[in-house]
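Here the protein sequences line up with chains Z and S, keeping their order. Read in order, the letters of the first sequence are residues 1 to 261 in my numbering. Read in order, the letters of the second sequence are residues 1 to 261 in my numbering. Virtual Cβ for every residue (Gly too), placed ideally from N, Cα, C. A quick note: this is a predicted structure, and the numbers were derived from the prediction, not measured.
There are 2 protein chains.
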Amino acid sequence: MADTTETGLPRAVAVAWGMQETPQRGPSRGLSHERIVAAAMEIADADGLSAVTMQAVAKSLGFTTMSLYRYVSGKDELLRLMGDAGAQLPEKVRLSPDWRQALRQWASLLREAWRTHSWLLEIPRGQASVLMPNSVRIADLGLAAMVSLPLSRDEKIGIILVVSQHVASMVELELSLADEGELRVSEEGVDQLREVITEKRFPHVAPLVQTGEYVPGAAPPPGPGDAAEAPAEDVEAEYDFGLDLLIAGLEIRIQAASSTS
Amino acid sequence: MADTTETGLPRAVAVAWGMQETPQRGPSRGLSHERIVAAAMEIADADGLSAVTMQAVAKSLGFTTMSLYRYVSGKDELLRLMGDAGAQLPEKVRLSPDWRQALRQWASLLREAWRTHSWLLEIPRGQASVLMPNSVRIADLGLAAMVSLPLSRDEKIGIILVVSQHVASMVELELSLADEGELRVSEEGVDQLREVITEKRFPHVAPLVQTGEYVPGAAPPPGPGDAAEAPAEDVEAEYDFGLDLLIAGLEIRIQAASSTS
DNA sequence: ACCTGAACACCGTTCAAGT
DNA sequence: ACCTGAACACCGTTCAAGT
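Right, dumping it as structure tokens:
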């Protein structure tokens with residue numbers, strides 16, 4: 001379990017909200033959580049989350065590794081603080097009065113945040129993370145998008161969960177296509193797959209492997225005409241598709257609710 | 001990028017399908033990827049994925065750490081193999097002819113797999129993982145559930161993606177509640193939160209903090225009557241809610257498609 | 001109060017050597 | 001071909017010491 005303050009709140013929560021008493025006496029060479037978190041984020045943006053080590057962060061600030069421990073209880077806490085700091089939405093947001101539109105806006109804001117700091121997706125969002133400032137902000141805005149809806153609180157929270165999860169998975173997909181996209185499977189490789197992914201064992205996938213459609217980095221099949229299609233580049237379409245599905249489902253639920261009451 | 005064979009296929013894919021030529025000459029004390037992966041899974045089941053170190057795996061098998069590198073190119077490959085081996089569905093599955101039912105069954109199978117090996121969720125599912133045997137099986141079964149549906153291939157894959165992501169997030173939620181569930185926020189802690197989560201800054205969340213509803217480990221408010229409710233234990237309800245939403249949305253889409261054609 | 005230096009117990013991975 | 005031993009370059013974190 002994560003270490004907590006005497007109030008039962010996780011230390012990261014207390015620090016993020018500025019609840020921590022920082023006595024400030026004696027000389028201070030100017031280190032602070034803010035500076036530490038900012039430095040860590042810069043490293044993560046540049047070289048990925050795995051490049052964020054206590055030593056690297058300290059070095060980039062011109063301090064020794066151990067100096068960090070005065071401001072941050074450990075790496076875990078640093079990651080939590082980074083996770084929150086990165087998930088910052090714009091200060092002022094004007095949501096559409098139409099809930100469908102508003103929900104789409106909200107999803108889009110989340111998406112933007114995750115896109116700018118892709119390492120956010122790697123940081124485990126534990127139970128306590130909902131208490132962090134920017135998570136609260138995100139939840140608040142999500143609820144704001146749905147104010148007009150005749151749904152229970154639990155249902156609204158359910159939607160926030162499902163939608164944000166969908167957005168996260170789409171950003172993840174987008175990124176995996178982008179940076180691991182050098183996967184190039186040769187014709188020989190596809191042949192090998194054809195031998196193991198047989199019609200008998202995998203009746204529905206096998207046909208797609210035959211044509212090569214199913215294999216990420218394979219050359220497109222020499223089909224007549226429509227060969228030059230981006231095979232999976234359209235994450236955009238998948239993103240919209242899932243969101244549309246959820247909103248459509250919600251619409252039905254609301255109609256059902258209003259016709260009953 | 002992950003190391004690949006000369007065919008362009010990731011090594012983990014080749015190994016998992018048994019495409020790797022294993023010459024087998026000279027003495028063999030009986031190590032193999034199968035045994036290594038099995039040992040690693042056992043450790044992960046018992047003590048979590050973080051306990052899976054090359055040294056721990058080797059030790060549990062009675063070999064030195066370095067012996068593993070003859071069978072596995074590195075830890076990354078070991079994790080990929082574990083990820084696939086853990087995502088095994090039952091041999092024979094009888095899907096309902098009703099697609100809604102079938103999709104629910106499929107989701108439920110996924111859920112069961114992730115529940116039995118919760119560390120699966122921590123293993124990054126890269127682009128190449130769709131080529132692993134059990135991923136192919138899962139995709140095949142998902143497509144099987146939707147055979148009767150008048151949807152494009154891309155749409156079906158979209159559904160597989162969205163639904164499986166929803167299932168994953170629900171299992172994740174379930175687990176985070178279970179093992180980090182010792183989070184107990186004292187009344188003083190809730191008070192501190194009330195001071196920062198103000199009505200002004202967070203108009204929609206603030207009321208929920210006032211009552212204490214929003215705070216995971218807080219004591220339930222002394223409301224009249226319905227106080228003794230499990231606050232978030234019903235992941236089951238959230239699970240169904242999201243799935244229902246998606247299926248309802250899909251239903252509409254199908255109606256639209258069939259009325260157009 | 002704040003920062004440093006040395007040390008500890010780990011990681012994953014390499015390389016040359018044994019049988 | 002298979003496994004070992006020693007070594008390397010890292011991790012996060014501790015503790016006692018300096019100013």
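The ligand GTP and residue i: does any heavy atom of the ligand fall closer than 8 Å to the residue's C-beta?
{"i": "Gly62(S)", "result": "With respect to small molecules bound, the structure shown includes none, and the ligand GTP cannot be examined in it."}
Using a Cβ-Cβ distance under 9 Å, would residue i count as near chain Z?
{"i": "Val93(S)", "result": "no"}
{"i": "Gln101(S)", "result": "no"}
{"i": "Trp114(S)", "result": "no"}
{"i": "Thr5(S)", "result": "yes"}
{"i": "Val37(S)", "result": "no"}
{"i": "His117(S)", "result": "no"}
{"i": "Leu149(S)", "result": "no"}
{"i": "Val52(S)", "result": "no"}
{"i": "Arg125(S)", "result": "yes"}
{"i": "Pro216(S)", "result": "yes"}
{"i": "Gln55(S)", "result": "no"}
{"i": "Arg184(S)", "result": "yes"}
{"i": "Trp106(S)", "result": "no"}
{"i": "Arg80(S)", "result": "no"}
{"i": "His166(S)", "result": "yes"}
{"i": "Leu49(S)", "result": "no"}
{"i": "Gly242(S)", "result": "yes"}
{"i": "Gly86(S)", "result": "no"}
{"i": "Leu89(S)", "result": "no"}
Name the one or two DSSP bridge partners that residue i has.
{"i": "Thr260(S)", "result": "None; Thr260(S) has no bridge partner."}
{"i": "Pro124(S)", "result": "None, per the DSSP bridge assignment."}
{"i": "Thr4(Z)", "result": "Pro10(Z)"}
Residue range of the alpha helix (DSSP H) that residue i falls in?
{"i": "Ser60(S)", "result": "Met54 to Leu61"}
{"i": "Asp47(S)", "result": "His33 to Asp47"}
{"i": "Thr116(S)", "result": "Trp99 to Thr116"}
{"i": "Leu208(S)", "result": "Ala206 to Thr211"}
{"i": "Asp234(Z)", "result": "Taken as a continuous stretch (DSSP letters only), Asp234(Z) belongs to no alpha helix (DSSP H), as it is neither H nor E."}
{"i": "Ser96(Z)", "result": "Counting along the chain, Ser96(Z) falls outside any alpha helix (DSSP H), and DSSP gives it neither H nor E."}
{"i": "Ser135(S)", "result": "Pro133 to Ala145"}
Return helix, strand or coil for residue i, following the three-state DSSP convention.
{"i": "Tyr71(Z)", "result": "coil"}
{"i": "Glu174(S)", "result": "helix"}
{"i": "Met66(S)", "result": "helix"}
{"i": "Val196(S)", "result": "helix"}
{"i": "Met82(S)", "result": "helix"}
{"i": "Ala87(Z)", "result": "coil"}
{"i": "Ala218(Z)", "result": "coil"}
{"i": "Gly30(S)", "result": "coil"}
{"i": "Val285(Z)", "result": "Coverage of chain Z is limited to positions 1 through 261, which leaves residue 285(Z) absent and any answer about it impossible."}
{"i": "Gln20(Z)", "result": "coil"}
{"i": "Ser148(S)", "result": "coil"}
{"i": "Arg153(Z)", "result": "helix"}
{"i": "Ala168(S)", "result": "helix"}
{"i": "Ser50(S)", "result": "helix"}
{"i": "Ser186(S)", "result": "coil"}
{"i": "Arg253(Z)", "result": "helix"}
{"i": "Phe241(S)", "result": "helix"}
Is there a Cβ of chain S sitting closer than 9 Å to that of residue i, yes or no?
{"i": "Phe212(Z)", "result": "According to the sequence displayed, residue 212(Z) carries Gly and not Phe. Gly212(Z) does not count as touching chain S."}
{"i": "His204(Z)", "result": "yes"}
{"i": "Ala12(Z)", "result": "no"}
{"i": "Pro133(Z)", "result": "yes"}
{"i": "Gln192(Z)", "result": "yes"}
{"i": "Met41(Z)", "result": "no"}
{"i": "Ser169(Z)", "result": "yes"}
{"i": "Glu155(Z)", "result": "yes"}
{"i": "Ser176(Z)", "result": "yes"}
{"i": "Ala44(Z)", "result": "no"}
{"i": "Arg111(Z)", "result": "no"}
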